[in-house]
Structures are given as C-alpha cells and as structure tokens.
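Protein chains in written order, with the working numbering: chain F, 233 to 345; chain Y, 2 to 213. Don't be surprised by glycine CBs; every beta carbon is placed ideally from N, CA and C.
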C-alpha cells in the first residue's frame, strides 16, 4: 500500500509540526455544531430578519474557514497550498460577482445594501 | 510536501471553481421560477429541520474523518478503522437523506425540467451528492485495504489525501446549506427576470429546433 512518492522538502517546513490534538478537533466540531444551531435558530427569529442574510453569510464563512483551516490543516501547512486554494476561491467568487452584475441581479445588493 | 497532497489541493482548487460556477448559476436563476409562475416553488418544498439534520450529519463526518487520521498517525489502527467506518456511515446517511429529499420533491412535481429552480437545484445538489457518493466509496475501499493490513501508520498520507477530499465535500455543503436552504426566497425577487427567463427558453427552443 505504501507508495514512495517524490516530495519537496523546501516546502515542508511547517508540515506536521503543529497538528492539533484530538481533543482540539472535538472542541472545533462542537464549535461548528453550535454555529449550525445558531444559523437554523436565527432563520426562525423574526426580529433578526433585517440582518438575516449578512448574518447567515458571515456564520457560514466562519464554518467554512474553520473546516479549511483546522480539519484540512491549511492553517498549519505551507503557504503554497493556501495560495492555490485561495486563488481558486477568489476566482470562483469573482466569476459569480461578475455574472451577477452583468445580469443586473440582486444577491450582491443583499450584502452590501 | 508529498506530491499526492499537492495534487489533491490542485484538484480541490479546480473543483472549487466548478462548484463556484454551479452555485453562481443557481443564485442567478433564484426567484425566476416565481416570476414566471411555474411551480412548485422552493418555499413550498424545502424542509429546513430535515436539511439541518443532514447538514449536521455531514459536519460531524468531518470530525470522524480527522479522528480516523489522527488515530492512524498515532499508530492506533483499530481506532482508525472504527472512525473510517463511522465517516462512511455518516456519509451514507447524508446520501439517504438526499435521496429522500429528491424523491419528495419529485412527488411534489419538481423535476430537472419543470422550471429553472428544478434545473439549477438538482444540478447543484446532484453533483454534490455524486461527490459524497464517490467519497463514501473511497473511504470504504480504504477501510477494506486497512482490514487487509495495508493501511499502517506510515501510510497516513494516503488517508490524509482522502480526508482532504472529504472535508472539501463538507465545506461545499456548508455553502449550499446557507445559500440554497437558509436564505429566504422572498429576499431574492429580481428585476426583469421574466423577460430574461423567457429569452433563455426561446434560445433553448431555437437550439432544439435547429437540431431537428
């Protein structure tokens, strides 16, 4: 099963140096579960209706970045990986905003008012 | 850095743009079916409590995935097998929920060709479900390899690469859950949507006619 593959030692300086403990992973999962519960709760609360969309987007962004940073170890790995994924994320968001503006649609307006 | 890990991140970057395009398409056509008056509409179909449980199940599968990897990295082979099985099980439960949801929607009259909502919803969530199904098969194959003694502490990168794919599937659902399910549909009434949607229908009709 073991496959000896090539590696790039120069990019390996942070790898496996700062992996969180299993207890930390459990705490992160509890944090993510609480955020999910808050998302669903505010969906039903009428008094927060005016800020519902930005609140939901911020909460999901926090969940997204927590999973990417801790569960996918991007926070602890080399910057090259963060650059690769970050660049793709920026392109994906930019394409969406560009199409959104061209179609004279509203989603961008929800957030920026 | 292991080349398999670098290659997986490059794949995930491309997959990120793939799902970005699908989500953008869904968001652009959000609310257009209502303007055209062709139902059923999202607010008549979506079951937030049910989908919240599915989202929670997939989120917890990310925890079991890191526990499987952590166990293997510590040399706890039995623990890694248990958590690997738990991850595949949670993924299968999520897929079962998606199958139930798709079936319910279909019985309510929504299909891939009913309206713009049906087309964009089933395309987006269908591709995500396919990714989850591939992930479950991948995890089960790793479990099979482990049971045959082929997944040891020194093979942890093999499991880490599979874990990266699994967590990516989870973060895509985090975005879908918010944009497709939680953001209320009355927030998204676009202007000029009916004209645009009709133009798209006419465009599609012309293409179909040209192909005879």
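Beta-carbon proximity check, residue i vs residue j, cutoff 8 Å
{"i": "residue 63(Y)", "j": "residue 300(F)", "result": "no"}
{"i": "residue 91(Y)", "j": "residue 164(Y)", "result": "no"}
{"i": "residue 125(Y)", "j": "residue 24(Y)", "result": "yes"}
{"i": "residue 114(Y)", "j": "residue 87(Y)", "result": "no"}
{"i": "residue 287(F)", "j": "residue 266(F)", "result": "no"}
{"i": "residue 111(Y)", "j": "residue 180(Y)", "result": "no"}
{"i": "residue 6(Y)", "j": "residue 76(Y)", "result": "no"}
{"i": "residue 85(Y)", "j": "residue 8(Y)", "result": "no"}
{"i": "residue 130(Y)", "j": "residue 96(Y)", "result": "yes"}
CA nearest to the CA of residue i, picked from the options
{"i": "residue 294(F)", "options": "252(F), 323(F), 318(F) and 263(F)", "result": "263(F)"}
{"i": "residue 326(F)", "options": "22(Y), 12(Y), 11(Y) and 13(Y)", "result": "22(Y)"}
{"i": "residue 67(Y)", "options": "81(Y), 135(Y), 55(Y) and 58(Y)", "result": "81(Y)"}
{"i": "residue 12(Y)", "options": "26(Y), 120(Y) and 169(Y)", "result": "169(Y)"}
{"i": "residue 54(Y)", "options": "84(Y), 43(Y), 98(Y) and 3(Y)", "result": "98(Y)"}
{"i": "residue 119(Y)", "options": "9(Y), 140(Y) and 105(Y)", "result": "105(Y)"}
{"i": "residue 185(Y)", "options": "269(F), 278(F) and 260(F)", "result": "278(F)"}
{"i": "residue 31(Y)", "options": "122(Y), 140(Y) and 127(Y)", "result": "122(Y)"}
{"i": "residue 18(Y)", "options": "333(F), 317(F), 335(F) and 270(F)", "result": "317(F)"}
{"i": "residue 2(Y)", "options": "162(Y), 171(Y), 173(Y) and 183(Y)", "result": "162(Y)"}
{"i": "residue 136(Y)", "options": "72(Y), 93(Y), 177(Y) and 52(Y)", "result": "93(Y)"}
{"i": "residue 291(F)", "options": "251(F), 272(F) and 252(F)", "result": "272(F)"}
{"i": "residue 322(F)", "options": "14(Y), 50(Y) and 33(Y)", "result": "14(Y)"}
{"i": "residue 143(Y)", "options": "27(Y), 167(Y) and 127(Y)", "result": "167(Y)"}
{"i": "residue 132(Y)", "options": "89(Y), 74(Y) and 38(Y)", "result": "89(Y)"}
Three-state secondary structure (DSSP) of residue i
{"i": "residue 190(Y)", "result": "With a pLDDT of 48 at residue 190(Y), under the threshold of 50, the modelled position of that residue is not reliable, and the figure given next carries that caveat. Correct three-state label for residue 190(Y): coil."}
{"i": "residue 16(Y)", "result": "helix"}
{"i": "residue 3(Y)", "result": "strand"}
{"i": "residue 153(Y)", "result": "coil"}
{"i": "residue 307(F)", "result": "coil"}
{"i": "residue 50(Y)", "result": "helix"}
{"i": "residue 42(Y)", "result": "coil"}
{"i": "residue 286(F)", "result": "helix"}
{"i": "residue 31(Y)", "result": "coil"}
{"i": "residue 115(Y)", "result": "coil"}
{"i": "residue 76(Y)", "result": "coil"}
{"i": "residue 109(Y)", "result": "coil"}
{"i": "residue 277(F)", "result": "coil"}
{"i": "residue 158(Y)", "result": "helix"}
{"i": "residue 335(F)", "result": "coil"}
{"i": "residue 322(F)", "result": "helix"}
{"i": "residue 253(F)", "result": "coil"}
{"i": "residue 184(Y)", "result": "coil"}
{"i": "residue 330(F)", "result": "helix"}
{"i": "residue 10(Y)", "result": "helix"}
Interface partners of residue i on chain Y, CB under 9 Å
{"i": "residue 282(F)", "result": "Per Cβ cutoff of 9 Å: no residues; residue 282(F) is ~11 Å from chain Y at best."}
{"i": "residue 289(F)", "result": "179, 180 and 184"}
Where residue i meets chain F, residues with beta-carbon distance less than 7 Å
{"i": "residue 63(Y)", "result": "299 and 303"}
Within chain Y, the residues that residue i reaches when beta carbons sit closer than 7 Å
{"i": "residue 307(F)", "result": "Correct list: empty, because the minimum Cβ distance to chain Y is about 13 Å."}
{"i": "residue 331(F)", "result": "25 and 29"}
{"i": "residue 316(F)", "result": "10, 11 and 14"}
Beta-carbon neighbours of residue i, restricted to chain F and to distances below 9 Å
{"i": "residue 84(Y)", "result": "Within 9 Å Cβ-Cβ: nothing; residue 84(Y) doesn't reach chain F, min ~10 Å."}
{"i": "residue 59(Y)", "result": "Result: empty, since nearest Cβ-Cβ is about 10 Å, beyond 9 Å."}
{"i": "residue 120(Y)", "result": "In chain order: nothing, as chain F lies at least about 16 Å away."}
Neighbour flag for residue i against chain F, beta carbons, 8 Å
{"i": "residue 28(Y)", "result": "yes"}
{"i": "residue 67(Y)", "result": "yes"}
{"i": "residue 144(Y)", "result": "no"}
{"i": "residue 165(Y)", "result": "yes"}
{"i": "residue 188(Y)", "result": "In this predicted model, residue 188(Y) has a pLDDT of only 49, less than 50, meaning its place in the structure is not dependable; the value taken from the coordinates is given anyway. Output row for residue 188(Y): interface = yes."}
{"i": "residue 53(Y)", "result": "yes"}
{"i": "residue 168(Y)", "result": "yes"}
{"i": "residue 49(Y)", "result": "yes"}
{"i": "residue 172(Y)", "result": "yes"}
{"i": "residue 18(Y)", "result": "yes"}
{"i": "residue 89(Y)", "result": "no"}
{"i": "residue 134(Y)", "result": "no"}
{"i": "residue 76(Y)", "result": "no"}
{"i": "residue 110(Y)", "result": "no"}
{"i": "residue 127(Y)", "result": "no"}
{"i": "residue 92(Y)", "result": "no"}
{"i": "residue 38(Y)", "result": "no"}
Proximity test, Cβ basis, 8 Å: residue i and chain Y
{"i": "residue 261(F)", "result": "yes"}
{"i": "residue 285(F)", "result": "yes"}
{"i": "residue 277(F)", "result": "no"}
{"i": "residue 270(F)", "result": "no"}
{"i": "residue 327(F)", "result": "yes"}
{"i": "residue 335(F)", "result": "yes"}
Proximity test, Cβ basis, 8 Å: residue i and chain C
{"i": "residue 98(Y)", "result": "Protein chains in the displayed structure are F and Y, and chain C is not among them."}
Partner residues on chain F for residue i, Cβ-Cβ distance less than 8 Å
{"i": "residue 176(Y)", "result": "292 and 296"}
{"i": "residue 56(Y)", "result": "268"}
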